[in-house]
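Step one of this worksheet: look at the structure below.
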Amino acid sequence: MRVLVTGSAGFIGFHVAKRLLERGDAVVGFDSVNDYYDPSIKEARLKLLEKTATDTTSAYRFVRANLADGRAVDDCFSANRFDRVIHLAAQAGVRYSIQNPGAYVESNIVGFVNVLEACRKQQVSHLTYASTSSVYGANTRLPFSEHRGADHPLQFYAATKRANELMAHAYSHLYRLPTTGLRFFTVYGPWGRPEMALFIFTKNILEGKPIPVFNNGNHTRDFTYIDDIVEGVLRASDDIAQPSPAWRSDHPDPATSSASFRIFNIGNNRPVKLGEYIDAVERALGKRAERTLLPLQPGDVPDTYADAGELERAVGYKPSTPIEVGVTRFVEWYRGYYSGQP
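For the sequence shown, our numbering begins at 0 and goes up steadily by one.
See below:
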């Protein structure tokens, strides 16, 4: 298949594009390579994608452009006939959305509209896109289920992602565009984002600096290893969304529809306390951390826990990487990637 992967220089997008190339698909990557975090790691990911394409003799092309540029998006679609679109580009970060909401409007709203429009015009057979567990917001009923409401976001990032889900449904209904939204739960692993907790913990512990531990380390997260995420993304993308024959307008299920629309949680289904996660990092590094205990930050939710049963029933998704294994793999990658660097 020919697959467009937006955000291909990003953490999840890079891994998804790499796996697609390894299995023999033709991939077009699309990314602005902005400086929200150090662009050098994004450029390194892109170089590895080029190498993977060469090693596997898979067709690969990269478009360096902004999804908010409608002409650039249209040109990309005009030059290709995509069998699938996997939309993973977004302005990420919970706390940054409080400081700079305009960046989220441009990337997560305008950019997503441009992708939807291009998919509509080209009659793409299936659009799979990234949502987030943050949409559950003020909901404290665990585990989080797609079949319950997600209309009380606690920060603007989550609000834009929830808007994406609603926009996707409108296009599925109006234009019969099959769409699948995936609510990611705290993804971690090699090539992760430098501003994420695991990256910061590892760097600071190795440098003998204290690590910030919000909510005194008491909140829980459904940490999900990147390889498990990629497997779920590809399985969902390969399985085209269909209308649900059980959907009822008088008792509407928010996760399905009479249109070709669906939403899945994609998580590990095994929440871990932040303190225990840090313990695993310490064991992998062979070094203790100096922990600075801090209160819960604005916009953060105390706990996340994915009910991933629907994704398992639909496509056989079963995450299998324990925290100890995943954290150790990240630490090994980190040491290798930064060896010899100041």
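Heads up, the beta-carbon is just placed ideally off N, CA and C, and yes, glycines get one too.
In this model, His151 and Thr223 are separated by some 24 Å (Cα to Cα). Note: Asp299 is not bridge-paired with any residue in the DSSP secondary-structure output. According to the DSSP assignment, Ile262 belongs to the beta strand (DSSP E) that extends over 260 to 265.
Here Arg18 is near Val229, since their CB atoms are less than 7 Å apart. Per DSSP, Arg60 is one residue of the beta strand (DSSP E) stretching across 59 to 63. It is roughly 42 Å from the alpha-carbon of Gln98 to the alpha-carbon of Ala245. Ranking Asn203, Gly325, Asn107, Ser96 by CA distance to the CA of Asn65 puts Asn107 first.
Every unbroken stretch of the beta strand (DSSP E) spanning 3 or more residues and falling wholly within the region 126 to 190 is given here in chain order: 126 to 131, 178 to 183. Counting other Cβ atoms within 10 Å of its Cβ, Glu309 reaches 16 or more and is therefore classed as buried. Its Cα nearest to that of Gly69, the residue Val114 stands out among Asn268, Tyr156, Val114. Val15 and Gly110 have their C-alpha atoms spaced approximately 20 Å apart. Pro177 counts as buried, since at least 16 other C-beta atoms from the protein chains shown sit within 10 angstroms of its C-beta. When the beta-carbon positions are compared, Gly231 and Tyr316 come within less than 7 Å of each other. For Ile322, the enclosing alpha helix (DSSP H) stretches over residues 322 to 337. Runs of the alpha helix (DSSP H) spanning 4 or more residues and lying entirely within the region 189 to 219 occur at 196 to 205, in chain order.
About 34 Å separates the beta carbon of Pro142 from that of Tyr336, a gap too long to meet the 8 Å contact definition.
Out of Arg22, His146, Leu20, Val26, the CA that lies nearest to the CA of Thr5 is found in Val26. Distances from the CA of Thr201 to each of Arg182, Leu165, Glu331, Ala89 were compared; the closest alpha carbon is that of Glu331. Taking 7 Å as the cut-off, the Cβ atoms of Phe184 and Gly266 count as close.
Counting along the chain, Gly28 sits inside the beta strand (DSSP E) bounded by residues 25 to 30. In the DSSP assignment, the residues bridged to Thr5 are Phe29, His86. The DSSP-derived three-state label of Ala235 is helix. Taking C-beta atoms as the reference points, Ala149 and Tyr135 count as a pair closer than 7 Å. In the DSSP assignment, Leu273 falls within the alpha helix (DSSP H) that extends over 273 to 284. The beta-bridge partner set that DSSP reports for Leu293 consists of Phe213. When Arg290, Ser243, Arg83, Ile322 are compared, the shortest CA-CA separation from Asn215 is found for Arg290. Under the three-state reduction of DSSP, Tyr224 is assigned to strand.
For Ile108, there is no enclosing alpha helix (DSSP H), since its DSSP letter is neither H nor E.
DSSP places Ala305 in the strand class (E or B) of the three-state scheme.
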